[in-house]
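Below: one structure, written as structure tokens.
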Amino acid sequence: MSNPSDDSAYSPDKETTASSSEAHNKKEVFGLTLDIGYIKSIHGMLRAGEIFLTLVAFICVSSSRNEACDFLHAATYNFFEFTSMTAFLSTLIIYVIFILEVHNKIFFRFVPWLLADALWCVVFALMFFLASCVLAAHVCHQGGNQAGAAFGFFSCAAIGADGVLSGLQFRAERMSTTHHSAPSTLPGQTLEQY
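Quick note: the sequence shown uses full-length UniProt numbering, first residue 1, plus one each step.
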């Protein structure tokens, strides 16, 4: 009979190391748990980049508006500003949700976050692509509009990359939890034979 302390598959040191590394990536501030690991992850850095790019795109277009161009292309500028500010606010909210680990709370566990994030990214990548194309066509000789269109395309690429990563993670998570089993009956048999 083997001694449990000799068993190499189980090691309390491994559990302690894993739990201490998880605790090292989380900090408590004002009673809230911050997930530092998410901030340092690819998703976290990409999300922070999206926040920056969408805000800069909004500021560029908002600061370059004038009456002559607004008379001709107000709908273009309004749609771009709506897209960039909505993407900025929703990205900021999602970023805070993941940093504060609100998505792990009981009520929010029923939401498939990776799928919702992938769908959100698809919608906003398309909106940014359309808004940036239309804005690039109607810059009205304003440097801010040109910069806004460029940052809109950069935002589209960042949001699209985030959507691809979320979709791949959702697929990998779903594949790891799906179990394939053999059918309970053979093709030529019916339930009456059992």
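Note that the Cβ used here is the ideal one computed from N, Cα and C, for glycine as well. Every value quoted in this text rests on a predicted model; they were computed, and no experiment measured them.
Expressed to the nearest angstrom, what Euclidean distance is found between the alpha-carbon atoms of residue 176 and residue 67?
-> 57 Å
Can you check the UniProt domain "MARVEL" (38 to 171) for any alpha helix (DSSP H) of at least 4 residues that lies completely inside it and give the ranges in chain order?
-> 42 to 63, 67 to 99 and 113 to 137
Beta-carbon separation of residue 80 and residue 102 under 8 Å?
-> Taking 8 Å as the cut-off, the Cβ atoms of residue 80 and residue 102 do not count as close.
Compare the Cα-Cα distances from residue 42 to each of 105, 165, 28 and 57 and report the closest residue.
-> 165
How long is the line joining the alpha carbons of residue 76 and residue 98, rounded to whole angstroms?
-> Distance between the alpha carbons of residue 76 and residue 98 is about 33 Å.
Touch test, the region 89 to 98 against the region 38 to 52, Cβ-Cβ under 8 Å, three pairs minimum | yes
When the Cβ atoms of the region 153 to 169 are set against those of the region 117 to 124, are three or more pairs found closer than 8 Å?
-> yes
Thinking C-alpha only, which one of 162, 100 and 129 is nearest residue 31?
-> 100
Any non-hydrogen atom of the ligand HEM closer than 7 Å to residue 50 Cβ | As far as ligands go, the structure on display features none, and thus does not contain the ligand HEM.
What is the C-beta distance between residue 86 and residue 128, in whole angstroms, given that I count them as a contact (C-beta under 8 Å)?
-> 10 Å between Cβ atoms; not a contact.
Using the beta-carbon count (16 or more within 10 Å), is residue 104 buried or exposed?
-> exposed
Hey, would you say residue 159 sits closer than 8 Å to residue 124, going by beta carbons?
-> yes
Which partner residues of residue 28 appear in the DSSP bridge assignment?
-> 33
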